[in-house]
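Enquirer:
Residue numbers (the numbering used here): 80 to 164.
1. Alpha carbon to alpha carbon, how far is residue 138 from residue 84? Give it in angstroms, no decimals.
2. Helix, strand or coil, according to DSSP, for residue 114 in the structure here?
3. With the cut-off set at 8 Å, would you say residue 112 and residue 101 are in Cβ contact?
4. Can you grab the Cα-Cα spacing for the pair residue 106 / residue 163, in whole Å?
5. Given residue 116, which residues of its chain have a CB within under 6 Å of its CB, disregarding the five upstream and five downstream residues?
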């Protein structure tokens, strides 16, 4: 409980605490910083697929045991969604 600090954008002490702990140029604006972040699901999926391929290569998995999703199809390799009856 002593480690948790609640911060408020209109409270001078809160703002000073955030400035002392974080680089405001890299902190998202939602938390009082100056950075605007946008989430792009296609880009995120592409990056995760690249990470999956790197991990598979690291562990020595062959290409037949790992099939990344095709372009435009997000999801985990080898996963399949089956509708319930």
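All residues carry an ideal CB built from backbone N, CA and C; glycine is no exception.
Nothing here was measured: the structure is a model prediction, and the numbers come from that model.
Expert: So, to answer that:
1. Cα-Cα distance, rounded: 41 Å.
2. Three-state result, residue 114: strand.
3. Between residue 112 and residue 101, the C-beta gap is smaller than 8 Å, which places the two residues in contact.
4. One alpha carbon belongs to residue 106, the other to residue 163, and they sit about 43 Å apart.
5. Same-chain partners within the cutoff: 107.
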